[in-house]
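**Student:** Following this message is one structure expressed as C-alpha coordinates.
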Amino acid sequence: MVLARSLAVVVVAAGLFAAGPGAALAAPSAAAVSRFDDGSFEYPTAPANSFTSIASGQSIGPWKVTSGAVDLIGAGFWQAAEGDQSVDLNGAQAGAVAQTFSTVAGRTYTVTYALAANPAGGPAVKTGKVLVNGQNFQDFSFDSTGKTFAAMGYVQRQVTFVANGPTTTLGFASTLPGAYGPVIDDVRVTTCCPCSCTT
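Heads up: the sequence shown is residues -26 to -1, 1 to 173, going by mature numbering (1 follows the signal peptide of the UniProt record, and there is no 0).
So, in C-alpha coordinates, the structure goes:
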(Lines of atoms letter the chains of each structure in order from A and count residues from 1; the text may use other names and numbers.)
(Lines give C-alpha, C1' and ligand atoms only; values in the text may rest on other atoms or scores of the structure.)
Protein backbone atom coordinates (compact mmCIF):
# COMPACT_ATOMS: atom_id res chain seq x y z
CA MET A 1 0.00 0.00 0.00
CA VAL A 2 1.38 3.43 -0.95
CA LEU A 3 1.51 6.12 1.69
CA ALA A 4 0.11 9.58 0.96
CA ARG A 5 2.52 11.80 -0.87
CA SER A 6 3.25 15.22 0.61
CA LEU A 7 4.10 18.30 -1.41
CA ALA A 8 7.87 18.66 -1.35
CA VAL A 9 10.17 21.49 -2.28
CA VAL A 10 12.12 19.98 -5.13
CA VAL A 11 13.08 20.72 -8.68
CA VAL A 12 12.08 17.98 -11.08
CA ALA A 13 14.43 17.96 -14.05
CA ALA A 14 12.44 16.36 -16.82
CA GLY A 15 11.10 17.44 -20.19
CA LEU A 16 7.57 18.38 -21.09
CA PHE A 17 5.92 15.92 -23.44
CA ALA A 18 2.75 16.70 -25.36
CA ALA A 19 0.94 15.22 -28.34
CA GLY A 20 -2.57 14.92 -29.70
CA PRO A 21 -5.79 16.94 -29.63
CA GLY A 22 -7.73 17.91 -26.51
CA ALA A 23 -10.44 20.14 -25.16
CA ALA A 24 -11.12 21.62 -21.74
CA LEU A 25 -13.56 20.12 -19.28
CA ALA A 26 -15.17 21.96 -16.38
CA ALA A 27 -13.39 21.65 -13.07
CA PRO A 28 -15.39 19.67 -10.52
CA SER A 29 -16.59 21.31 -7.34
CA ALA A 30 -15.09 19.34 -4.47
CA ALA A 31 -13.64 19.97 -1.05
CA ALA A 32 -9.86 20.33 -1.18
CA VAL A 33 -7.58 17.87 0.57
CA SER A 34 -4.70 19.44 2.49
CA ARG A 35 -2.13 17.87 0.18
CA PHE A 36 -2.13 15.90 -3.03
CA ASP A 37 -2.90 12.28 -2.08
CA ASP A 38 -2.99 8.70 -3.43
CA GLY A 39 -1.31 9.36 -6.75
CA SER A 40 -1.03 5.63 -7.44
CA PHE A 41 -4.72 4.89 -6.86
CA GLU A 42 -4.12 2.38 -4.07
CA TYR A 43 -7.43 2.86 -2.26
CA PRO A 44 -10.08 1.65 -2.25
CA THR A 45 -8.77 -1.79 -3.17
CA ALA A 46 -10.07 -3.21 -6.46
CA PRO A 47 -10.50 -7.02 -6.78
CA ALA A 48 -7.19 -8.80 -7.36
CA ASN A 49 -6.65 -9.87 -10.98
CA SER A 50 -9.71 -7.86 -11.97
CA PHE A 51 -11.01 -4.28 -11.98
CA THR A 52 -13.86 -2.10 -10.76
CA SER A 53 -15.73 0.20 -13.13
CA ILE A 54 -16.43 3.59 -11.58
CA ALA A 55 -18.94 6.02 -13.08
CA SER A 56 -19.15 9.80 -13.16
CA GLY A 57 -19.91 11.24 -9.73
CA GLN A 58 -18.27 8.37 -7.85
CA SER A 59 -14.89 8.51 -6.11
CA ILE A 60 -11.58 6.65 -6.03
CA GLY A 61 -10.25 7.75 -2.65
CA PRO A 62 -9.50 11.50 -3.01
CA TRP A 63 -10.10 11.33 -6.78
CA LYS A 64 -13.53 11.98 -8.29
CA VAL A 65 -14.70 10.59 -11.62
CA THR A 66 -15.85 13.78 -13.34
CA SER A 67 -17.19 12.39 -16.61
CA GLY A 68 -17.90 9.08 -18.34
CA ALA A 69 -16.45 6.04 -16.57
CA VAL A 70 -13.01 4.68 -15.67
CA ASP A 71 -11.70 1.30 -14.53
CA LEU A 72 -9.74 0.97 -11.28
CA ILE A 73 -7.34 -1.88 -12.04
CA GLY A 74 -6.63 -4.32 -9.21
CA ALA A 75 -3.35 -5.97 -8.26
CA GLY A 76 -2.21 -8.65 -10.69
CA PHE A 77 -4.49 -7.68 -13.58
CA TRP A 78 -1.64 -5.91 -15.35
CA GLN A 79 1.65 -4.28 -14.47
CA ALA A 80 1.36 -1.16 -12.33
CA ALA A 81 3.96 1.59 -12.55
CA GLU A 82 3.99 1.99 -8.76
CA GLY A 83 2.21 0.06 -6.03
CA ASP A 84 -0.46 -2.44 -7.08
CA GLN A 85 -3.19 -0.44 -8.82
CA SER A 86 -3.66 1.94 -11.76
CA VAL A 87 -6.50 3.58 -13.68
CA ASP A 88 -7.69 2.96 -17.24
CA LEU A 89 -9.29 6.28 -18.24
CA ASN A 90 -11.84 4.41 -20.36
CA GLY A 91 -14.42 2.25 -18.65
CA ALA A 92 -17.23 1.48 -21.06
CA GLN A 93 -16.62 4.98 -22.44
CA ALA A 94 -14.11 7.80 -22.18
CA GLY A 95 -13.77 9.06 -18.62
CA ALA A 96 -11.94 11.59 -16.49
CA VAL A 97 -10.67 11.76 -12.91
CA ALA A 98 -9.75 14.82 -10.85
CA GLN A 99 -8.49 15.72 -7.40
CA THR A 100 -8.74 19.09 -5.65
CA PHE A 101 -5.97 19.93 -3.18
CA SER A 102 -4.59 22.94 -1.32
CA THR A 103 -2.09 25.16 -3.13
CA VAL A 104 -0.45 28.56 -2.60
CA ALA A 105 -1.28 31.21 -5.19
CA GLY A 106 1.77 32.19 -7.23
CA ARG A 107 3.75 29.04 -6.53
CA THR A 108 4.88 26.80 -9.38
CA TYR A 109 3.84 23.14 -9.17
CA THR A 110 5.16 20.25 -11.22
CA VAL A 111 3.06 17.17 -11.95
CA THR A 112 4.77 13.95 -12.99
CA TYR A 113 2.85 10.80 -13.90
CA ALA A 114 3.36 7.38 -15.43
CA LEU A 115 1.54 6.82 -18.73
CA ALA A 116 0.71 3.60 -20.56
CA ALA A 117 -2.36 2.23 -22.38
CA ASN A 118 -4.72 -0.72 -22.30
CA PRO A 119 -3.22 -3.09 -24.90
CA ALA A 120 -6.27 -5.38 -25.09
CA GLY A 121 -8.19 -3.58 -27.81
CA GLY A 122 -9.19 -0.37 -29.57
CA PRO A 123 -6.77 1.70 -31.64
CA ALA A 124 -3.09 1.24 -30.83
CA VAL A 125 -2.59 4.92 -29.98
CA LYS A 126 -4.56 6.07 -26.94
CA THR A 127 -4.93 9.79 -26.27
CA GLY A 128 -5.86 12.03 -23.38
CA LYS A 129 -5.10 15.28 -21.60
CA VAL A 130 -3.99 16.77 -18.30
CA LEU A 131 -6.34 19.39 -16.90
CA VAL A 132 -5.62 22.10 -14.34
CA ASN A 133 -8.76 23.79 -13.02
CA GLY A 134 -10.61 22.46 -16.04
CA GLN A 135 -8.16 23.92 -18.57
CA ASN A 136 -6.16 21.71 -20.90
CA PHE A 137 -2.49 21.99 -19.88
CA GLN A 138 -1.12 19.03 -21.80
CA ASP A 139 -2.23 16.57 -24.47
CA PHE A 140 -0.71 13.11 -24.31
CA SER A 141 -0.66 9.94 -26.39
CA PHE A 142 0.71 6.43 -25.93
CA ASP A 143 1.23 3.74 -28.57
CA SER A 144 0.29 0.34 -27.13
CA THR A 145 1.75 -1.61 -30.08
CA GLY A 146 3.75 -4.55 -28.75
CA LYS A 147 2.77 -3.91 -25.12
CA THR A 148 1.30 -6.63 -22.89
CA PHE A 149 -0.35 -6.86 -19.48
CA ALA A 150 3.01 -8.06 -18.11
CA ALA A 151 5.02 -5.34 -19.87
CA MET A 152 2.92 -2.18 -20.13
CA GLY A 153 5.84 0.05 -21.13
CA TYR A 154 5.11 2.97 -18.81
CA VAL A 155 6.77 6.29 -19.60
CA GLN A 156 7.01 9.33 -17.37
CA ARG A 157 5.40 12.59 -18.39
CA GLN A 158 5.55 16.02 -16.75
CA VAL A 159 3.59 19.27 -16.77
CA THR A 160 4.09 22.49 -14.77
CA PHE A 161 1.56 25.11 -13.69
CA VAL A 162 1.38 28.19 -11.47
CA ALA A 163 -1.38 28.05 -8.86
CA ASN A 164 -3.82 30.95 -8.99
CA GLY A 165 -5.66 30.29 -5.73
CA PRO A 166 -5.78 28.40 -2.43
CA THR A 167 -6.93 25.21 -4.15
CA THR A 168 -6.21 23.59 -7.51
CA THR A 169 -8.00 20.78 -9.31
CA LEU A 170 -5.76 18.39 -11.23
CA GLY A 171 -7.46 16.10 -13.74
CA PHE A 172 -6.74 13.44 -16.34
CA ALA A 173 -9.19 12.74 -19.16
CA SER A 174 -9.33 10.33 -22.07
CA THR A 175 -10.04 11.77 -25.52
CA LEU A 176 -10.65 8.33 -27.05
CA PRO A 177 -14.08 6.67 -27.36
CA GLY A 178 -14.66 3.04 -26.45
CA ALA A 179 -13.56 0.75 -23.66
CA TYR A 180 -9.75 0.64 -24.00
CA GLY A 181 -7.99 3.81 -22.97
CA PRO A 182 -4.85 5.46 -21.70
CA VAL A 183 -3.62 4.26 -18.30
CA ILE A 184 -2.23 6.52 -15.57
CA ASP A 185 -0.38 5.73 -12.37
CA ASP A 186 2.20 7.17 -9.97
CA VAL A 187 0.94 10.78 -10.12
CA ARG A 188 3.13 13.12 -8.06
CA VAL A 189 2.90 16.84 -7.33
CA THR A 190 5.88 18.91 -6.19
CA THR A 191 6.31 22.63 -5.68
CA CYS A 192 9.03 25.19 -6.21
CA CYS A 193 8.55 28.85 -5.26
CA PRO A 194 11.09 29.44 -6.92
CA CYS A 195 13.15 26.92 -4.99
CA SER A 196 14.20 29.36 -2.25
CA CYS A 197 11.36 28.95 0.23
CA THR A 198 9.71 26.16 2.21
CA THR A 199 6.21 24.74 1.99
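Even glycine gets a Cβ: it sits at the ideal position worked out from N, Cα and C.
As the structure is a prediction and not an experimental result, all values here were calculated from the model.
Skipping 5 residues on each side, what residues in its chain have a beta carbon closer than 6 Å to that of Val161?
**Tutor:** So the list reads Gly13, Tyr87, once near-sequence residues are dropped.
**Student:** Ala66 and Ala22 - do their beta-carbons sit closer together than 8 Å?
**Tutor:** No, they are not a contact pair.
**Student:** Could you name the residues of the same chain whose beta carbon sits closer than 7 Å to that of Ala20, not counting the 5 residues immediately before and after it, in chain order?
**Tutor:** The answer, listed in chain order, is Thr26, Leu46, Ile47, Gly48, Gln59.
**Student:** Once the 5 residues before and after Gly152 are set aside, which same chain residues still bring their CB inside 7 Å of it?
**Tutor:** Within the same chain, Gly152 has close Cβ partners Asn64, Gly96.
**Student:** Among Gly120, Asn138, Phe123, Phe114, which one has its Cα closest to the Cα of Pro156?
**Tutor:** Of the candidates Gly120, Asn138, Phe123, Phe114, the one whose C-alpha sits nearest the C-alpha of Pro156 is Phe114.
**Student:** Do Ala147 and Ala70 have their C-beta atoms closer together than 8 Å?
**Tutor:** Cβ atoms of Ala147 and Ala70: closer than 8 Å.
**Student:** Can you tell which of Asn92, Lys38, Thr82, Ser41 has its C-alpha closest to the C-alpha of Pro140?
**Tutor:** Comparing Cα-Cα distances from Pro140 to each of Asn92, Lys38, Thr82, Ser41, the minimum goes to Thr82.
**Student:** If you draw a straight line from the C-alpha of Ile158 to the C-alpha of Val44, how long is it?
**Tutor:** Ile158 and Val44: Cα-Cα distance of roughly 11 Å.
**Student:** Once DSSP output is grouped into helix, strand and coil, what is the label at Asp113?
**Tutor:** Note: Asp113 maps to strand in three-state DSSP.
**Student:** What residues match up with Asp45 in a beta bridge as DSSP calls it?
**Tutor:** Partner(s): Ser27, Asp62.
**Student:** What does a CB cutoff of less than 6 Å around Val136 pick up in its chain, not counting 5 residues either side in sequence?
**Tutor:** Counting only Cβ-Cβ distances below 6 Å, and skipping sequence neighbours, we find Thr82.
**Student:** At what residues does the beta strand (DSSP E) containing Phe146 begin and finish?
**Tutor:** Start and end: 141 to 148.
**Student:** What does a CB cutoff of less than 6 Å around Ala98 pick up in its chain, not counting 5 residues either side in sequence?
**Tutor:** The residues are Asp117, Ser118, Thr119.
**Student:** Looking only at DSSP bridge pairs, what is residue 174 linked to?
**Tutor:** Outside the modelled stretch of the chain, which goes from -26 to 173, sits residue 174, for which no answer is possible.
**Student:** Pull up the DSSP beta-bridge partners for Tyr17, would you.
**Tutor:** DSSP lists no partner for Tyr17.
**Student:** To the nearest angstrom, how far is it from the Cα of Gly102 to the Cα of Gly42?
**Tutor:** Spanning the two alpha carbons is a distance of roughly 13 Å.
**Student:** Buried or exposed: where does Phe123 fall if 16 or more other Cβ atoms within 10 Å of its Cβ makes it buried?
**Tutor:** Label assigned to Phe123: exposed.
**Student:** Using the Cβ count rule (16 or more neighbours within 10 Å means buried), how would you classify Gly145?
**Tutor:** Looking at its Cβ environment, which holds 16 or more other Cβ atoms inside 10 Å, Gly145 is buried.
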